[in-house]
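Sequential numbering of the sequence shown, starting at 10, is according to the working numbering. As structure tokens, the structure follows; a few thoughts come after it.
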Amino acid sequence: MTIEITNFSDPALDVYARPTEAQLMNRFDPSNAMFIAESPKVIHRALDGGYVPVSMLMERKDIDGSAAGIIARCPEIPVYTADENLLCNLTGYHLTRGVLCAM
């Protein structure tokens with residue numbers, strides 16, 4: 010399911026832009042900790058290793074490009090997308106590998 014980003018205050022995007030590393034790590038319940046995988050190659054490796062994807066964030070061009078195989082493997086998770094300039098405003102940096110996956 011592809012979701013166009015129009016509102017940066019959407020809580021679904023918090024994991025990509027707002028928490029610190031300490032907030033992503035859950036020391037009291039490590040089974041509920043999260044991390045962000047960056048790049049299709051790393052995401053595929055994490056999926057092969059049994060990690061569970063929560064959502065993805067990417068530029069529109071990556072939906073049919075470098076992320077197409079990941080989306081096919083994980084059709085049930087939300088894919089948040091926008092153009093490059095809008096995503097840079099959300100994350101605070103250029104998405105160097107173009108695809109992020111919260112796991």
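Glycine included, every Cβ here is placed at the ideal spot set by N, Cα and C. Here the structure is a predicted model, which is why all the values come from computation and not from measurement.
For residue i, report the span of its alpha helix (DSSP H) as first-last.
{"i": "A77", "result": "A77 to R82"}
{"i": "V24", "result": "D23 to A26"}
Among the options, which residue has its Cα nearest to the Cα of residue i?
{"i": "S75", "options": "V61, I52 and P84", "result": "I52"}
{"i": "E11", "options": "P84, G107 and N94", "result": "Reading off the sequence, residue 11 comes out as Thr, not Glu. Closest by alpha carbon: P84."}
{"i": "N16", "options": "A111, L96 and M112", "result": "L96"}
{"i": "S48", "options": "I79, L22, V24 and A42", "result": "I79"}
{"i": "I86", "options": "L109, K50 and E93", "result": "L109"}
{"i": "P20", "options": "S64, Y60 and G107", "result": "S64"}
{"i": "D71", "options": "P62, E93 and G59", "result": "E93"}
{"i": "R69", "options": "A111, D23 and G107", "result": "G107"}
Just checking my contact of residue i with residue j at CB under 8 Å: how many whole Å lie between their CB atoms?
{"i": "L66", "j": "Y89", "result": "5 Å"}
{"i": "M112", "j": "A26", "result": "With 8 Å as the limit, M112 and A26 do not qualify as a contact, their Cβ atoms being about 16 Å apart."}
Is the beta carbon of residue i sitting closer than 8 Å to the one on residue j?
{"i": "E13", "j": "A77", "result": "no"}
Along the chain, where does the beta strand (DSSP E) that runs through residue i open and close?
{"i": "I12", "result": "T11 to E13"}
{"i": "I45", "result": "I45 to E47"}
{"i": "V108", "result": "V108 to A111"}
Across which residues does DSSP place residue i in a beta bridge pair?
{"i": "Y89", "result": "I12 and L66"}
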